[in-house]
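Right, one structure below, let's go through it.
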Amino acid sequence: MKALISNIQRFSLHDGPGIRTTIFFMGCPLRCPWCCNPENLTAEIKHYVDEFGNQKTWGEYYSAEQLKEIILKDKDFYLSDGGVTYSGGECLLQLKNLIPLLKDLKSAGISQCVETSLNVNNEDLATVAPYIDLFYVDLKIATLKEFKEKLNGDLQLVLKNLDYLKPNNAKIIFRIPIVSQMNYTKQNLMAIKDLIKKYCPKDVEVFSVHNLGAYKYQYLKMEYKDFKPSSEHRIALIKEFLKK
Ligand code: SF4
46 MKALISNIQR FSLHDGPGIR TTIFFMGCPL RCPWCCNPEN LTAEIKHYVD EFGNQKTWGE
106 YYSAEQLKEI ILKDKDFYLS DGGVTYSGGE CLLQLKNLIP LLKDLKSAGI SQCVETSLNV
166 NNEDLATVAP YIDLFYVDLK IATLKEFKEK LNGDLQLVLK NLDYLKPNNA KIIFRIPIVS
226 QMNYTKQNLM AIKDLIKKYC PKDVEVFSVH NLGAYKYQYL KMEYKDFKPS SEHRIALIKE
286 FLKK
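In the working numbering, the protein residues as written are 46 to 289.
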């Protein structure tokens with residue numbers, strides 16, 4: 046089995062502890078209007094022309110063996126806390142096809158993180174979870190109706206998966222992107238706070254939406270919605286509110 050991957054980023058410093066290799070899987074069940082990786086929304090190879098007129102492609106199939114070779118190239122840099130982070134798109138949709146990779150890396154003592162929305166069937170998560178050391182769970186909207194309307198997702202799936210992870214003592218970090226026009230409401234922040242109380246993640250990261258992915262929409266000829274970043278002051282206030 047092979048997985049469709051848009052990018053492999055070596056020496057990443059912002060996708061988990063230590064120095065990591067980040068792998069971006071294609072395909073995602075959600076449609077966050079501010080998504081900065083639109084090339085990963087569907088599991089299809091994308092062709093585009095860059096600003097210099099060069100024909101380029103996003104997407105290549107990799108086997109577990111090929112990925113293992115790439116990940117292990119940098120094992121001397123991972124030290125005690127670095128490793129690999131599976132991101133996307135929604136990496137859990139394809140990781141179930143790469144169990145030999147997950148097993149081998151676990152045996153080799155390489156830390157494995159996922160960045161996920163958890164908007165997947167529980168079987169997809171359960172197959173992969175025993176090999177994962179840390180779950181970065183994107184938590185954008187915490188009310189059922191808005192989760193469906195704004196993200197095209199099913200919050201029940203997310204909650205079911207959190208219920209599954211909690212008794213298994215999984216290490217979870219919630220990541221909360223603040224998008225003023227989409228999720229900065231008292232109702233949503235209260236609902237997120239309730240989830241923090243219930244699931245007691247190891248940490249909670251709050252950050253503003255950014256527009257670094259805008260050029261990709263141009264390449265893909267997709268409509269880009271320009272969401273204004275939140276001020277540092279607002280982010281600090283939200284952190285304070287959630288901490289209480
Ligand atoms: S979950 Fe992530 S990859 Fe999927 S649409 Fe939302 S921001 Fe984009």
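Just so it is clear, CB atoms sit at the ideal spot from N, CA and C, and this is done for glycine as well.
(message) Starting from Lys278, trace the alpha helix (DSSP H) in both directions and tell me its first and last residue.
(response) According to the sequence shown, residue 278 is His rather than Lys. First-last of the alpha helix (DSSP H) with His278: 277 to 288.
(message) Just to confirm before moving on: does the CB-CB distance between Leu265 and Glu84 stay below 9 Å?
(response) Judged by their CB atoms, Leu265 and Glu84 are nearer to each other than the 9 Å cut-off.
(message) Restricting to Cα atoms, I'd like to know which of Trp79, Asn99, Ser51, Phe97 is closest to Glu89.
(response) For the residues Trp79, Asn99, Ser51, Phe97, the minimum Cα distance to Glu89 belongs to Ser51.
(message) Please state the DSSP three-state secondary structure of Ser253.
(response) Strand at Ser253.
(request) Along the alpha helix (DSSP H) that carries Glu194, what are the first and last residues, could you check? (result) Looking at the DSSP string, the run of the alpha helix (DSSP H) that includes Glu194 is 189 to 196.
(request) If I'm right that Arg65 touches Gly128 with Cβ under 8 Å, what's the distance once you round it to whole angstroms? (result) About 6 Å separates the two Cβ atoms, so the contact holds.
(message) Asp60 and Thr130 - do their beta-carbons sit closer together than 9 Å?
(response) One thing to note: Thr130 has its Cβ within 9 Å of the Cβ of Asp60.
(message) On a Cα-Cα basis, can you pick out the residue from Asp149, Asp95, Ser152, Ser132 that is closest to Leu163?
(response) Closest option to Leu163, Cα to Cα, is Ser132.
(message) By the three-class DSSP mapping on this structure, what secondary structure does Ala90 have?
(response) Looking at the sequence itself, residue 90 is Ile, so the reference to Ala does not match. Ile90: coil per DSSP, three-state reduction.
(message) Restricting to Cα atoms, I'd like to know which of Ile186, Asp149, Val254 is closest to Leu240.
(response) Distance from the Cα of Leu240 is smallest, within the candidate group Ile186, Asp149, Val254, for Ile186.
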